[in-house]
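Protein chains in written order, with this note's numbering: chain A, 1 to 462; chain B, 463 to 924. One structure is given here, and the rest of the page talks about it.
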């Protein structure tokens, strides 16, 4: 009851007095982003001037400098780097998966080593066994699997409407495949790419070794190659499969989260965070994942600057390092927040691609959820309709403390996994207006949260 | 009051008894379309085996045969052609727009004659005058315009969220530009392409001559060329512009609407129509416009067949001829309906591209609108959220009689005008899942309307 009271206390003034003003202001935010916003040009520069930027690489360091300079040129009040130790894995030059038939003919597969995989140290050869689910792995058991290369060919479920859910229900195959297969004596693993599209692009991504003493090489192959390989196995064509990977895990290196702020005029100690991750996989250009998110996040602050909107609270843009293979940036940032006692009110991450925004996935209290849902009507003209409880994002996740409201931007998901972690994730596959509409949606919700605060925190002051 | 009574009479049984069953059935429709539907393969065939198909062309006739055969192979109960006389305009081989500077250097522009334009009958040369709105045309007047080529350079407004609205508020420039400029003595017209994308693709489209005795040639140029040309004019670089178009308007020829049906089991005399248009412009492949709509429409009937759903009412798929430059198919079909007294209950058109579906645009009575909105909850899991009053489609428009409920499928609009009427409108730019989700959405609403009928017609029988 008390909660409801607080809820209405903050909700009614909003509805009664300000809805028209807010409509006008949100329209202005959209108009600015759709006509004068720089996020598309910034994304072009990140993709083309820097390129892909895996943690630890020279390119990632260039990206840090690029981001710092860009923030400074945006005339933010404060711009600084937050040092963080990150893993440094390298793919190396050699990356081959191929099989031979009984006539000795060789077929090469489009492949990509999984991030974190060990190398093969020469040519790794073996018979292949296809596995479509974990139960099968147990059923075959050590007697069937030992000494072989395991081919994990579970298909992403096309009947999920959100492709993120299809990914979430399948990605354990990539992440844990090598570990689980190794338990049964496998010598290597190849994994069907995490994509709903039938094509020749292999998709890399993170994997982990549960037992550091039993690490076997792992590579993704394209969905088409997975289909063809499966047929070849069924037709008993395949005699032997070979893998050659030259991956190397180096010592951790120093890198940085890049942070910029506009200081709040009334409640500067309260932080509203918008962010994405600056690092990307080492193929493609990390355009959707997550160039889009970082340029949109900066666009929010630029929009406030250019429109001369003085936020009450401090707006902070964080470009995180190392989301892809460790989340060291996100973890370290949260640790620093806890140590310093900084008060975060709201954190929003954009890391699901630069597609037409559909809404927000809200990880907060029931009251926060209902409060944000009360803004829904304001977003209707912009076809933003999802205000559901759900997951926010990897980078901001470690901030979760039961009070802070975490939010993920939810764009249309249909095309995301066509590009994700592959060479197709390039600037040309991001649509200018869709990217700008995402920046507009984030700017709008940040505007409202800055203006009205959020319930169930100490900080609800209008 | 009576209306409300009727409304609840049909609404409540739906909510109380059938919502769960309907959820299950709609899930089955989506599952089928996302795993076994043929619409993507059918679109490939239409685009690659037939290609573009402007009314009157050999290719359009091939498309008619293709569609008839496909419907027969889908085992529809009835498949037939409806003869219709269509215009036959040909672009011809020659299509050039270029300008010269004071040094005699020539710059060629990426251009496309507008559909229906007369040819230039040799080289048409003249000074150029840039016009950005109709008021300017009047302000300049005959004294400034006579004997010149008018360059219509109004930009599509990027602040519209629906690009269809941006198009609608700008397309008079293309459609009427030649007529209006000719009133002031212009000798030719070039028009900035109807696209929000900045690129080198010219976009053709229909135009009309209000005065058949004063017909001047008209061509579109790409948005980038329009931008560059405008700069050249402002910088006084441009001395003279030339146009060479070899377009020809032939006599009308015979063509066909292609129609297929599944006969209703209980109310076969009541028709539920789904359709799109088979013709396309003569560049690109007419993939989004409107290959997507015709394959989705057929997919609805195929889904009923394959899932062995016996519709109560007759489901009719109409692939209309000549939407692009005359709408003869749509007009003739409506005329035949009036003559025969056929009872149409519901007509849905898909002609806004094969993108992620967002909802429905409903042109019906208030009661029909509210009734369809009562289904909204069932569509929530599929992220279908728009159930607004609005325009349906060009082909089904002539059926409007104040009773029949007309509906347009509303997909995400951001990318449509990147492709529309240009060489970029090819199969490769249609996304399999997005196309299938559209077919699923149409199948679902057709399923509900067939099952429950619609208010404010004689035909509400469960």
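Glycine included, every Cβ here is placed at the ideal spot set by N, Cα and C.
Run through chain A and tell me which residues come within less than 7 Å of residue 498(B), C-beta to C-beta.
In chain order: nothing, as chain A lies at least about 10 Å away.
Suppose the cutoff is 6 Å on Cβ atoms and the five residues either side in sequence are ignored; what does the same chain contact list for residue 451(A) look like?
Once the five neighbours on either side are set aside, residue 451(A) has no close Cβ partner at all.
Okay, do the segment 431-445 of chain A and the segment 343-362 of chain A touch, 3+ Cβ pairs below 8 Å being the bar?
Counting Cβ pairs under 8 Å, three or more are found: they touch.
Between 607(B), 538(B) and 490(B), which has its C-alpha nearest residue 645(B)'s C-alpha?
Selected option, being the one with the closest Cα: 607(B).
Indicate whether at least one CB of chain A lies closer than 9 Å to the CB of residue 741(B).
It does not: the Cβ of residue 741(B) has no partner Cβ on chain A nearer than 9 Å.
Would you say residue 896(B) reaches chain A, if we count a Cβ-Cβ gap shorter than 9 Å as a contact?
Closer than 9 Å to some Cβ of chain A, the Cβ of residue 896(B) qualifies, so yes.
Inspect the CB distances between the segment 288-303 of chain A and the segment 114-130 of chain A and report whether three or more fall short of 8 Å.
With a cut-off of 8 Å, the segment 114-130 of chain A and the segment 288-303 of chain A do not count as touching, because too few Cβ pairs lie within range.
Once DSSP output is grouped into helix, strand and coil, what is the label at residue 301(A)?
Helix, per DSSP.
On the premise that residue 276(A) lies in contact with residue 351(A), defined as a C-beta separation below 8 Å, what is that separation, rounded to the nearest angstrom?
Indeed they touch by this definition, with Cβ atoms about 5 Å apart.
Does any CB atom of chain B fall closer than 9 Å to the CB of residue 162(A)?
Interface residue, yes.
Looking at C-alpha atoms only, which residue of 549(B), 568(B) and 883(B) is the closest neighbour of residue 700(B)?
Selected option, being the one with the closest Cα: 568(B).
Residues of chain A with CB closer than 8 Å to the CB of residue 493(B), please, in chain order.
In chain order: 159.
Using the DSSP secondary-structure output, state which residues sit across from residue 89(A) in a beta bridge.
Partner(s): 249(A).
Let's test the definition: count the other Cβ atoms within 10 Å of the Cβ of residue 458(A) and tell me whether it reaches 16, buried, or not, exposed.
Note that residue 458(A) has pLDDT 45, beneath the 50 cutoff, so the model's placement of it is unreliable and the number below is only indicative. Exposed, by the Cβ-count rule.
Identify each residue in the segment 366-390 of chain A for which the Cβ-Cβ distance to at least one residue of chain B is less than 8 Å, and report them in chain order.
Flagged, chain order: 381, 382, 383, 385 and 386.
Within its chain, find whatever has a CB closer than 7 Å to the CB of residue 491(B); leave out the 5 residues flanking it on each side and keep chain order.
765, 902, 905, 906 and 909.
In terms of residues, what are the limits of the beta strand (DSSP E) holding residue 841(B)?
No beta strand (DSSP E) holds residue 841(B); the alpha helix (DSSP H) holding it covers 838-841.
Less than 9 Å between the beta carbons of residue 680(B) and residue 652(B), yes or no?
Yes, these two residues count as a Cβ contact at 9 Å.
Given residue 315(A), which residues of its chain have a CB within under 6 Å of its CB, disregarding the five upstream and five downstream residues?
Excluding residues within five positions, the ones whose Cβ falls inside 6 Å are 262, 272 and 301.
Verify whether the separation of the beta carbon atoms of residue 832(B) and residue 668(B) is less than 9 Å.
In this structure, residue 668(B) does not lie closer than 9 Å to residue 832(B) by Cβ.
Classify residue 453(A): buried if its beta carbon has 16 or more other beta carbons within 10 angstroms, exposed otherwise.
Flag for residue 453(A) reads buried.
At a Cβ cut of 7 Å, what residues of the segment 656-667 of chain B count as close to chain A, listed as they run along the chain?
The residues in question are 658.
Chain A beta carbons: is any one of them nearer than 9 Å to that of residue 758(B)?
Residue 758(B) does not count as touching chain A.
Between the C-alpha atoms of residue 173(A) and residue 227(A), what's the straight-line distance to the nearest angstrom?
Roughly 16 Å separates the two Cα atoms.
Cβ of residue 255(A) within 9 Å of Cβ of residue 55(A)?
The answer is yes: Cβ separation under 9 Å.
Which of the three DSSP states is assigned to residue 170(A) in this structure?
Note: residue 170(A) maps to coil in three-state DSSP.
Counting only beta-carbon separations shorter than 9 Å, does residue 904(B) have a partner in chain A?
Answer no: the Cβ-Cβ gap between residue 904(B) and chain A never drops below 9 Å.
Write down the C-beta distance between residue 744(B) and residue 514(B) rounded to the nearest angstrom, noting that I regard them as a contact closer than 8 Å.
With 8 Å as the limit, residue 744(B) and residue 514(B) qualify as a contact, their Cβ atoms being about 5 Å apart.
Run the CB neighbour count on residue 235(A), radius 10 Å, all protein chains shown included, and call it buried at 16 or more, exposed below.
By the 10 Å Cβ count, residue 235(A) comes out exposed.
Note down, in chain order, each residue of its chain lying with its Cβ closer than 6 Å to the Cβ of residue 790(B), except the 5 sequence neighbours on either side.
If we look at residue 790(B) and ignore the five residues flanking it on each side, its Cβ neighbours are 546, 548 and 784.
In terms of residues, what are the limits of the beta strand (DSSP E) holding residue 77(A)?
Element bounds for residue 77(A): n/a, residue is neither H nor E.
Quick one: using the 10 Å Cβ neighbour count with 16 as the cut-off for buried, is residue 415(A) buried or exposed?
Buried, because 16 or more other Cβ atoms sit within 10 Å of the Cβ of residue 415(A).
Which value, in whole angstroms, describes the spacing of the CA atoms of residue 381(A) and residue 624(B)?
If I take the Cα positions, the gap works out to 9 Å.
Taking residue 258(A) as the reference, which of 332(A), 198(A), 49(A) and 82(A) has the closest Cα?
Ranking 332(A), 198(A), 49(A) and 82(A) by Cα distance to residue 258(A) puts 82(A) first.
Excluding sequence positions up to five away, which residues of its chain have a Cβ less than 8 Å from the Cβ of residue 19(A)?
Excluding sequence neighbours, residue 19(A) sits near 377 and 378.
If you drop the 5 nearest sequence neighbours on each side, which residues of the same chain put their C-beta closer than 7 Å to that of residue 115(A)?
Cβ within range, chain order: 89, 204, 205, 206, 207, 281, 324 and 325.
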